[in-house]
Amino acid sequence: MKGFTLIEVLIALLILSIVSAAGLSSISYSTKNYQILRDNFYSATLAENILLKSYYDNSFLTNDLTSGNNIIMGRPFSWKRQININKSQNSLNLKVQIFSEINSKVADLELYKTIQ
């Protein structure tokens, strides 16, 4: 008789299930990493945009806006901006924090600007 015994088939199925479980775990891990990296990139870009707008646009800097919401590539992000004035050194300290749905706080950038 030619063919496989029941034990050989069961061992082959066991090996196949172990390999497929490892593959699915790897795919799940890489998908989660992709989402985190995407959120980090978008939030860093948003933080840089807010800091640069605050740095170069005095009307945006002085509008008393301390928080807001933005949507980047269909993903909602919220941000907070703090402005601290150091009169002895004639400088402003601008700090921006970005929050997303997946990660609570994903970006935190700070910038100093001299004032006259």
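Take 3 as the starting number for the sequence shown in the working numbering and just add one per residue. We put the CB at the ideal spot given by N, CA and C, even for glycine.
Check each candidate in the options and name the one with the smallest Cα separation from residue i.
i           : options        : result
residue 75  : 43, 56 and 68  : 43
residue 92  : 6, 118 and 39  : 118
residue 106 : 20, 116 and 45 : 45
residue 60  : 96, 23 and 10  : 96
Looking at the secondary structure, which residues open and close the beta strand (DSSP E) in which residue i lies?
i          : result
residue 72 : 69-74
residue 97 : 93-102
Using the Cβ count rule (16 or more neighbours within 10 Å means buried), how would you classify residue i?
i          : result
residue 6  : exposed
residue 32 : exposed
Measuring only the C-alpha atoms, how far is residue i from residue j?
i           : j           : result
residue 188 : residue 113 : Outside the shown range of the chain, which is 3 to 118, sits residue 188, and nothing can be said about it.
residue 100 : residue 70  : 10 Å
residue 88  : residue 81  : 23 Å
Could you give the uninterrupted runs of the beta strand (DSSP E) lying entirely in the region 21-66, keeping only those of 3 residues or more? As for any beta strand (DSSP E) of minimum length 3 sitting wholly inside the region 21-66, there is none.
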